[in-house]
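In this text, residue positions in the sequence shown follow this note's numbering: the first is 341, and each later residue adds one.
Only one structure is covered here, and it is reproduced in the block below.
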Amino acid sequence: MEAKVSSREVVFVRPRKVEIRESEIPDPGKGEVLVRTLYSGISHGTEMTWYRGTSPRSRKDVRNGLFEDGDGTHSGYPCVHGYEEVGEVVELGEGVNNLSVGDRITCVSGHREYAIVNAEGPYVRTLPPEMDPVHGVFLALGGVALDALLSAPLRLGESAVVFGQGVIGLLLVALCRRAGAYPVIAVDPLESRREMARAFGAHHAFSPGSDLAHRVRGLCRGKGADVAFEVSGTYPALHEAFRVTANPYGTVVAGGFYQGEARGLFLGEEFHHSSHGMGGATRMVALHERIESPASAWGLQRVLDTVWRLYVDGSLPVDKLVTHVYPASSSAEAFRLVDEHPEACLKVVLDMRT
Numbered sequence: 341m342e343a344k345v346s347s348r349e350v351v352f353v354r355p356r357k358v359e360i361r362e363s364e365i366p367d368p369g370k371g372e373v374l375v376r377t378l379y380s381g382i383s384h385g386t387e388m389t390w391y392r393g394t395s396p397r398s399r400k401d402v403r404n405g406l407f408e409d410g411d412g413t414h415s416g417y418p419c420v421h422g423y424e425e426v427g428e429v430v431e432l433g434e435g436v437n438n439l440s441v442g443d444r445i446t447c448v449s450g451h452r453e454y455a456i457v458n459a460e461g462p463y464v465r466t467l468p469p470e471m472d473p474v475h476g477v478f479l480a481l482g483g484v485a486l487d488a489l490l491s492a493p494l495r496l497g498e499s500a501v502v503f504g505q506g507v508i509g510l511l512l513v514a515l516c517r518r519a520g521a522y523p524v525i526a527v528d529p530l531e532s533r534r535e536m537a538r539a540f541g542a543h544h545a546f547s548p549g550s551d552l553a554h555r556v557r558g559l560c561r562g563k564g565a566d567v568a569f570e571v572s573g574t575y576p577a578l579h580e581a582f583r584v585t586a587n588p589y590g591t592v593v594a595g596g597f598y599q600g601e602a603r604g605l606f607l608g609e610e611f612h613h614s615s616h617g618m619g620g621a622t623r624m625v626a627l628h629e630r631i632e633s634p635a636s637a638w639g640l641q642r643v644l645d646t647v648w649r650l651y652v653d654g655s656l657p658v659d660k661l662v663t664h665v666y667p668a669s670s671s672a673e674a675f676r677l678v679d680e681h682p683e684a685c686l687k688v689v690l691d692m693r694t
């Protein structure tokens, strides 16, 4: 297939080293479209582990799924990341009839100026004309938040604690409130994030601390929360999630991207001496490893369809989440902001046209 379009890409050359490079994009094949990327969101969790060089996935053996050193692991650097894209369809491949040239769509194509996209890919959605295209970058993370909610599962009238008020945590707070949870309690060390959580529907918002479990129990009939969602990706927060949940029936959903040694996580305490240890109530949300099954009522498509509908009808206020938009030419500065000052930003987006 003859190369047709020259495209700029944001490349991780090595940990904490970002460059803009050129690549050649071929013509779209059967069932594919050529997309000009408008916006691409930076993931503060998964993607930043590659930026920092701390991703456990760099040691995942593609043959057996185990994390270990040796042959068969991820190809490493240089690499292009990004999975929160919105673009404009500029050319159709053979057999594409669900999209038209000029459509603005969500997709997963990486931080690239142009990309070839499967027209019927799981993350492809057409934006309505009235929707600000930058808001389309939240489809994937909204799916993570809803997946966490469904994994609990959280029922009407049950109490929920959400650790970490980044994008996923805030969306999860809104989903818990919409699902009829009471009370919904947000936890974050930053007052600005706690204020945002209240705006997204949290009944209470606390900073982490030694009295947190007591405060939660005081709000939850003295027994603790029915469900705790940990989406900060920190081990001390995961440990605290075990402390705030009710014994013997509480559930902890671990939805963060954890890395390195589990410092601050003490499984010999509340985890072991409760139903968590005896009954295996802890659940790990791993959206990327989802396997479709006829026995599962909630496959990936249904999760994303539901989230997208909530975005389109305005039920999830994603307009409050974009704090910074950088030109693609300043990608290194954008990643440096997220790396060094995560407290200063929520969603950082690259404008791939500039």
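For each residue, glycine too, the CB sits at the ideal point set by N, CA and C.
Judged by their CB atoms, A526 and V502 are nearer to each other than the 7 Å cut-off.
Ranking L686, R392, G590 and F478 by CA distance to the CA of S380 puts F478 first. Judged by beta-carbon spacing, E535 lies beyond the 7 Å limit of A521, meaning their Cβ atoms are not closer than that value. If you look at A488, you'll find it isn't in any beta strand (DSSP E); it sits in the alpha helix (DSSP H) that goes L479 to S491. Contact check for L656 and G482: beta-carbon distance about 7 Å, within the 8 Å limit, so the pair qualifies.
For F675, the CB contacts under 6 Å within the same chain, skipping 5 residues up- and downstream, are V358 and Y391 in chain order. Residues A485, L486 and L489 of the same chain have their beta carbon placed closer than 7 Å to that of L515, with the five preceding and five following residues left out of the count. Residue burial is scored here from C-beta neighbours: P368 has at least 16 other C-beta atoms within 10 angstroms and is therefore classed as buried. Classified as exposed, T663 has fewer than 16 neighbouring CB atoms from the shown chains inside 10 Å of its CB. If you look at Y454, you'll find it isn't in any alpha helix (DSSP H); it sits in the beta strand (DSSP E) that goes Y454 to N458. G590 places its beta carbon 7 Å or farther from that of V571. Straight through space, the alpha carbons of T394 and P529 are spaced by roughly 23 Å. When the five nearest sequence neighbours on each side are left out, the beta carbons in the same chain lying within less than 6 Å of the beta carbon of V350 are those of H451 and S671, in order along the chain. Taking the C-beta atoms as reference points, E453 is found no nearer than 7 Å to S363. Per DSSP, reduced to three states, the secondary structure at V513 is helical. Here K357 carries a strand assignment [DSSP, helix/strand/coil].
If you draw a straight line from the Cα of T386 to the Cα of A459, it comes to about 25 Å. Each of P548, V457, P682 and G549 was checked against the Cα of I365, and the nearest Cα belongs to V457. Per DSSP, P469 lies in no beta strand (DSSP E) and is assigned neither H nor E.
Assigned with DSSP and collapsed to three states, I382 falls in coil, not helix or strand.
The bridge partners DSSP lists for V688 are H664. Excluding five sequence positions before and after R354, the CB atoms of its chain that fall closer than 7 Å to its own CB belong to Y417, given in chain order. When the Cα atoms are used, R538 and R517 turn out to be separated by approximately 11 Å.
Between the C-alpha atoms of T574 and E683 there is a straight-line separation of about 15 Å. In the displayed model, E498 falls within coil according to three-state DSSP, outside both helix and strand. DSSP, read as helix, strand or coil, puts E362 in strand. Below 8 Å, enough C-beta pairs join the segment 466–475 and the segment 434–444 to call them touching: three or more.
In the DSSP assignment, V647 falls within the unbroken alpha helix (DSSP H) covering L640 to V652.
One alpha carbon belongs to K563, the other to A519, and they sit about 21 Å apart.
At a Cβ-Cβ threshold of 7 Å, L374 and E425 do not count as neighbours.
Here D551 is exposed: its Cβ has fewer than 16 other Cβ atoms, across all protein chains shown, within 10 Å.
According to DSSP, A568 shares a beta bridge with V501 and V592. In the structure shown, T394 adopts coil according to DSSP, grouped into three states. DSSP places E673 within a helical segment (H, G or I) once states are collapsed to three. Residue pairing for L374: DSSP places it in a beta bridge opposite E431 and I456.
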